[in-house]
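Here our numbering runs 23 ahead of the position in the sequence shown, where the first position is 1. Just so you know, even glycine gets a beta-carbon here, dropped at the ideal spot from N, CA and C. In this text the structure is predicted, and so the values were computed from the model without any measurement. These notes are about the structure you will find just below.
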Amino acid sequence: MKEQDYTQLSRRARRLQLAARSLVKSLRIGNFHSMYYGQGIEFSGVREYLRGDDVRAIDWNVTARLGKPYVKLFAEDRELNIFLVIDRSLSMNTGSHGKTRLEAAIETGELLTLVAEQSSSPVGAVFFSNRIEFALSPKGGKNTVQLLLSQFENYEPTKKSGSHLVNALTGTGKLLRKRSLIFIISDFRVGEWKKPFSYLAQRHDVIALRVSDPIDAELPDTGSLPFTDTETGKRCIFPTSSSLFRREWREAEEARVEKWKEDCVRYGGVPLILSTTDDPVLVLSRYFASRERR
Numbered sequence: 024m025k026e027q028d029y030t031q032l033s034r035r036a037r038r039l040q041l042a043a044r045s046l047v048k049s050l051r052i053g054n055f056h057s058m059y060y061g062q063g064i065e066f067s068g069v070r071e072y073l074r075g076d077d078v079r080a081i082d083w084n085v086t087a088r089l090g091k092p093y094v095k096l097f098a099e100d101r102e103l104n105i106f107l108v109i110d111r112s113l114s115m116n117t118g119s120h121g122k123t124r125l126e127a128a129i130e131t132g133e134l135l136t137l138v139a140e141q142s143s144s145p146v147g148a149v150f151f152s153n154r155i156e157f158a159l160s161p162k163g164g165k166n167t168v169q170l171l172l173s174q175f176e177n178y179e180p181t182k183k184s185g186s187h188l189v190n191a192l193t194g195t196g197k198l199l200r201k202r203s204l205i206f207i208i209s210d211f212r213v214g215e216w217k218k219p220f221s222y223l224a225q226r227h228d229v230i231a232l233r234v235s236d237p238i239d240a241e242l243p244d245t246g247s248l249p250f251t252d253t254e255t256g257k258r259c260i261f262p263t264s265s266s267l268f269r270r271e272w273r274e275a276e277e278a279r280v281e282k283w284k285e286d287c288v289r290y291g292g293v294p295l296i297l298s299t300t301d302d303p304v305l306v307l308s309r310y311f312a313s314r315e316r317r
């Protein structure tokens, strides 16, 4: 990666870090140390009460002395790892607005890697296409970050169909020994992913980023348009000049996405949509902000 590109990504990652005040109450973006209220965990200090804090954590002695409410902080002695599952299968090499799904996934993965570096958090990843291409358990340090960034940038796009998402999720479950924050960045154009997804979500915090493209829902009115399925090679001619066909196309995609969201939630994950036209910083920042408000 060029120094200029690295600097630009670092700047965008800092924007994301500032916007993401916290993932949840037990996760602070600053150091990614888990913070809990309760007994049996090392006391680490107090801070001013914020709306939404557990009232049971109020330190009444400090509150009475300072005249405004403060809560106790307890730090659990462990790190929360960040782990990325990156889809580089053939279907990811598609896009209609100057950026492919894979390019959007790479940009998002690079940003999250740099956020982990700036947060002194161990980071690891698995990259897959029609096979598992690379896997690294979470580690800290600049060397790990540089290795992952090189994996994002230096690779040969696959020319073979198929997606090993299921194997990637299964392997992730075996690779991770500690509770981790997992980002799955994929178009999810594969079946049978729910079982390993559920297994991961039982033991980790899982965020599913479905990489989409505007053409998934909105077809251009251009007459008869040939389409080719990148995974199967099957070709079809679609009557895009038909408003009825375009509406049915949109409704079918909306139904697929809604079903996918329901499945993610049902099996314990958090669904997010990332379009090839989106800024991943804004998408992730909105998510972090919404979790903080809750």
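Taking only three categories from DSSP, how would you classify residue i?
i, result
"Thr251", "strand"
"Arg70", "strand"
"Tyr221", "Strictly speaking, residue 221 in this sequence is Ser, with Tyr absent from that position. DSSP places Ser221 in helix when its eight states are reduced to three."
"Ser142", "coil"
"Gly147", "strand"
"Tyr59", "Confidence at Tyr59 is low in this model, with a pLDDT of 34, below 50, so its placement is unreliable and no value can be given for it."
"Asn116", "coil"
"Lys95", "strand"
"Asp110", "strand"
"Leu103", "coil"
"Leu295", "strand"
"Ser184", "coil"
"Ala240", "coil"
"Val304", "helix"
"Phe211", "coil"
"Ser313", "helix"
Excluding five sequence neighbours on each side, which residues of the same chain lie with their C-beta closer than 8 Å to the C-beta of residue i?
i, result
"Asn190", "Phe151 and Ile155"
"Lys91", "Glu71 and Tyr72"
"His120", "Asp236, Pro237, Thr299 and Thr300"
"Gln31", "none"
"Gly196", "Pro219, Tyr222, Leu223 and Arg226"
"Arg269", "Glu241, Leu242, Asp244 and Thr263"
"Val69", "Asp82, Val85, Tyr93, Val94, Lys95 and Leu96"
Mind reading off the beta-carbon distance from residue i to residue j? Whole number of angstroms is fine, and I expect it under 8 Å.
i, j, result
"Ile296", "Arg212", "Actually they are not in contact, since the Cβ atoms of Ile296 and Arg212 sit about 14 Å apart, beyond 8 Å."
"Thr181", "Ser266", "Between Ser266 and Thr181 the Cβ distance is about 37 Å, and since that is not below 8 Å, they are no contact."
"Leu159", "Ala148", "6 Å"
"Asn153", "Lys122", "Actually they are not in contact, since the Cβ atoms of Asn153 and Lys122 sit about 23 Å apart, beyond 8 Å."
"Asn104", "Ser247", "The pair is not a contact, with the Cβ atoms about 50 Å apart (cut-off 8 Å)."
Pick out whichever of the options has its Cα sitting closest to the Cα of residue i.
i, options, result
"Ala139", "Pro161, Lys122 and Glu126", "Pro161"
"Val229", "Ser209, Ala240 and Ile205", "Ile205"
"Gly292", "Ser114, Trp216 and Lys197", "Trp216"
"Thr167", "Asp210, Phe106, Glu126 and Glu281", "Phe106"
"Leu170", "Leu307, Val146 and Pro249", "Val146"
"Ile207", "Asn177, Asp110 and His187", "Asp110"
"Ala80", "Ala87, Ala148, Asn177 and Val94", "Val94"
If I follow the unbroken alpha helix (DSSP H) through residue i, where does it start and stop?
i, result
"Ile155", "Here Ile155 belongs to no alpha helix (DSSP H); instead the beta strand (DSSP E) covers Ile155 to Lys162."
"Leu89", "Trp83 to Leu89"
"Ile175", "Looking at the sequence itself, residue 175 is Phe, so the reference to Ile does not match. Lys165 to Glu176 is the span of the alpha helix (DSSP H), which, as asked, contains Phe175."
Excluding the five sequence neighbours on either side, which residues of its own chain have a C-beta within less than 6 Å of the C-beta of residue i, listed in chain order?
i, result
"Gln62", "Its pLDDT being 39, under 50, Gln62 is placed unreliably by the model, and the measurement read from it follows with that caveat. No residues qualify anywhere along the chain."
"Thr245", "Thr263"
"Gly163", "Pro145"
Please report the residue range of the beta strand (DSSP E) in which residue i lies.
i, result
"Leu188", "Element bounds for Leu188: not the beta strand (DSSP E) but the alpha helix (DSSP H), Leu188 to Leu198."
"Phe268", "Phe268 -> not in any beta strand (DSSP E); alpha helix (DSSP H) instead, spanning Ser266 to Arg289."
"Pro262", "Arg258 to Pro262"
"His234", "Note that residue 234 is Val in the sequence shown, not His. Residues Asp228 to Ser235."
Excluding five sequence neighbours on each side, which residues of the same chain lie with their C-beta closer than 7 Å to the C-beta of residue i?
i, result
"Glu276", "Asp239 and Ala240"
"Pro249", "Arg258 and Ile260"
"Pro243", "Thr263"
"Asp286", "Lys217"
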